[in-house]
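What follows is a short report on a single structure.
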Amino acid sequence: MIRRVIPTWLFFALAIAGVSVLLVSYEFLSQRQTRINPKQTTIPSFEKLGEGVKRMFAKQGTQENPKPPMFWNDMRATLWRLFIGMGIGVLASVLVGVLMGAYRWIEAPLSPIVMFLSKIPPTGMMPIYFAIAGTDQRMFTSMVALGIFFSMTQSIYQSVRDNVTDEAINKAYTLGASESEVIFEVIWKQILPNVIDCIRAQIGPAMIFLIAAEMVVSDAGLGYQIRMQSRVLNMNIVFVYLLVLGLIGVVAEYSLLWVRRRLCPWFEGT
Amino acid sequence: MKMRFDTVKSCSLALCTVAWFGTFQGCTDSKPAASNAAGSTASPTPVNSPAAVNSPGPVSAGNSTSKPATFTLAWSEYPSWSIFGVADEVGLIDGKEGQMGSIEKKYNVDIKLVLASYDSCITLYGNSQADGVCITNIDILGAAGSRNSVAILPTSTSAGADACIVAGVNSIEELAGKPTRGLEKSVSQYCFDRCLEKLGKNPADFPFSQMDPEQAALAFQGKNDGINSIMVWNPFVMQSIRSRSDAKVLFSSETIPEEIIDMVVLGKDSLSKPGGDAFAKALVETFYTMTQRMANPKTSDETLIGIGARFAKLELEDMKTIVQQTKFFSDPNDAKRLFADERFQKETMPLVSKFCVKYGLTTTPVELSYGDAKGLMDFSTKYISGYAESQTK
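Protein chains in written order, with our numbering: chain A, 1 to 270; chain B, 1001 to 1393.
Following this line, the structure appears as structure tokens:
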């Protein structure tokens, strides 16, 4: 029967079984590949993955001039770019999205542009970003920020139009609220959970743009290292980096859910 | 009952997933299996047995009754490698799987051509997704760390085709401390470091940072901020010089003659598969047939135009320059001389080996050998000699 409840213990047992099947079949494939080519690095064994992790955290540079381990260096570069880019993108799109939803005379000139530009994949616009923003932090920031800006503005503005009823706004006006009070106390509070969900939905695309850009031009970062290590065929490091990318996504997802629960407890049941 | 049905369904889903992973992984070793399977559908008896020879069976192209095995060659756009793309156009080989050109028919082997960017080719080859690859003598050492390899054919050597192009930098002294963009830990950085060494400088004073060569060339041509020095190969060298009046070559692979060798390399595992020998012979013959066309005044221009079309859409005049900067090993004897050359074996390759260890392409120096197949990376003249002999007969 569809949606039939299963006992909790069974749910968890099946979840564990799923992961174990994945791990066991991975080990099986790795061993099979090793039988074909003993030197293979395509599907590294768990032991090789461990070696990869060791190399990721190994000290770099000389004693007089120590450099941070490869992994931390890459993580710092990528997370910083992601954080700054998303921060600017989110702030800008909230501002523009709310204004577009609130005022028809702002909505009219901007909505066709926003709608059109949100459809162009930012990875395709990479050469333009290089040409305009160079190859440094500025390029990564503008790529991530603009990459999420248009589609996020689009959905925030939709959310203002759909989730905030005319009744709520009229009620606030009747009770003597000023225009800014309507925006902050009525509109903003109503759309906040949608904004958080929007950010959640944009982490994936933002990562795609950033990793793609890092693969093309960068000296550090997860994308750079994935391309470099796959060219020198250290798949054991590539796999661990992919795992880390997955973990970053999961952590970001759950922290935003937590934030939403804290900020908008009223939203949860609906 | 229903519950059980659900369980069965989810189990089969899980099994499907595993099976899917299996097929994905199967690509890597499917070639021998596929060729065997194909062989057995054509005739259930072993191919060499008299029964197979006598059986009328389904006669495929060529004179053998077995269906030819398929081998993959990964190549990227480069003058002496684009030759394989042109060979496909003129019908010597057909790059599509299951289709045969004239040389493929002669050797009864099916060659599949895969065009990809240079570093994707290395990844494909190193992970056994391709049987052969067009690669330089520098990058192959990294790949040989995970797959035993044999270089069967040197195709050309870079004599100016890899170059450091600058704008607003007047001398090598001025370049110190300014970043140069290019493919890090690869032939580009090798050329960069070696040229600086030969010119009496310390490479450590010249920062080199990673950028995709095509994108670096585009950014340089677009006069982007901070990109005033790039280390790239052709066609990017020529395009970059052309598009900016203030661009000039600061130094190039002319400084290090016969150190950068462009080659065709096969995996030892692929070479030992049934049909592997034929694959190597067919590639060698294809290459020399094409270089003869280039040398022949009647077909020379037409062939160069063909290569130009498969090489960044360059015109005839440009191609004539390109061929100057990339010296083809058009003569099998010249190719044999190179692999046997004292300097190549005792100086160049040890330098390359040192470079690979220094930049972490390999953790330990790769064991090299020259013709006796003992090393993990062997430079073999077997197929070149075989071709040369077949020509003198």
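Glycine included, each C-beta is placed from N, C-alpha and C at the ideal position.
In the structure shown, Lys59(A) adopts coil according to DSSP, grouped into three states.
Where Cys1164(B) is concerned, the enclosing beta strand (DSSP E) starts and stops at 1162-1167. The Cβ atoms of Met100(A) and Ser111(A) sit closer than 8 Å to each other.
Tyr1370(B) counts as buried, since no fewer than 16 other beta carbons sit within 10 angstroms of its beta carbon. When beta bridges are read from the DSSP output, Arg1181(B) appears opposite Ser1209(B), Ile1230(B). Taking the beta carbon of Ile1227(B) as reference, the chain A residues within 9 Å of it are Phe130, Gly134, Thr135, listed in sequence order.
Look at Lys119(A): its C-beta is not under 8 Å from any C-beta on chain B. Cβ neighbours of Tyr157(A) within its own chain (closer than 6 Å, five residues either side excluded): Gly97, Met100, Gly101.
Exclusion of the five residues before and after Ile237(A) leaves Gly52, Arg55, Met56, Gln225, Gln229 as the residues of its chain whose Cβ lies within less than 8 Å of its Cβ. In this structure, Gly1308(B) lies near Leu1314(B), with their beta-carbon atoms less than 8 Å apart. Contact note: Thr123(A) does not reach chain B at a C-beta cutoff of 7 Å; the least C-beta distance is about 13 Å. Positions of the alpha helix (DSSP H) runs, each at least 4 residues long and wholly inside the stretch 125-196 of chain A, are given as 126-133, 137-163, 166-174 in order along the chain.
Interface flag for Asp1212(B) against chain A is set, since a Cβ pair is found closer than 8 Å.
Taking the beta carbon of Asn37(A) as reference, the chain B residues within 7 Å of it are Ser1128, Arg1147, Asp1269, listed in sequence order. Shown in chain order are the members of the stretch 1173-1185 of chain B whose Cβ falls below 8 Å from a Cβ of chain A: Arg1181, Glu1184, Lys1185. Gly1091(B) sits in coil when the DSSP states are folded into three classes, being neither helix nor strand. The C-beta distance from Pro1079(B) to Gly1275(B) rounds to 29 Å, too long to meet the 8 Å contact threshold. Annotation: Gly1375(B) has no Cβ neighbours in chain A at a cutoff of 8 Å; minimum Cβ distance is about 13 Å.
DSSP lists Thr1070(B) as the bridge partner or partners of Asp1110(B). Contact residues of the stretch 227-260 of chain A toward chain B are Arg227, Met228, Ser230, Arg231, Val232, Leu233, Met235 (C-beta to C-beta distance below 8 Å).
Residue contact check for Thr1123(B) against chain A: a CB pair falls below 8 Å. For Gln31(A), the closest Cβ of chain B is not nearer than 8 Å.
At a cut-off of 3 residues, the continuous stretches assigned as beta strand (DSSP E) that sit fully inside the stretch 1250-1282 of chain B are 1261-1267. The closest CA to that of Ser1066(B), considering only Val1109(B), Asp1088(B), Glu1089(B), is found on Val1109(B). Burial check for Ser1171(B): the Cβ neighbour count within 10 Å stays below 16, so the residue is exposed.
Proximity of chain B to Thr141(A) at the Cβ level (cut-off 9 Å) is not reached, the minimal Cβ distance being about 15 Å. Put simply, of Thr42(A), Gln40(A), Ala17(A), Arg76(A) the residue whose alpha carbon is nearest the alpha carbon of Gly223(A) is Arg76(A). At a C-beta separation below 7 Å, Pro127(A) has these neighbours in chain B: Leu1218. Secondary-structure assignment with DSSP links Phe1328(B) through a beta bridge to Ser1156(B).
Among the CB atoms of chain B, none fall inside 8 Å of the CB of Thr78(A). Cβ-Cβ separation between Pro1213(B) and Pro1179(B): approximately 15 Å, too far for a contact (criterion under 8 Å). Annotation note: the stretch 1096-1143 of chain B contains the following uninterrupted beta strand (DSSP E) runs of length 3 or greater, listed N- to C-terminal: 1110-1115, 1132-1136.
In chain order, Ala1159, Gly1160, Ala1161, Asn1234 place their CB closer than 7 Å to the CB of Gln1325(B), counting only its own chain and leaving out the 5 sequence neighbours on each side. Judged by DSSP in its simplified three-state form, Ala102(A) adopts helix. Taking Ala1217(B) as the centre and dropping the five residues before and after it, the same chain places the C-beta of Ile1230, Val1232, Phe1236, Gln1239, Ser1240 closer than 7 Å to its C-beta, in chain order.
Judged by their CB atoms, Ile208(A) and Val90(A) are not nearer to each other than the 8 Å cut-off.
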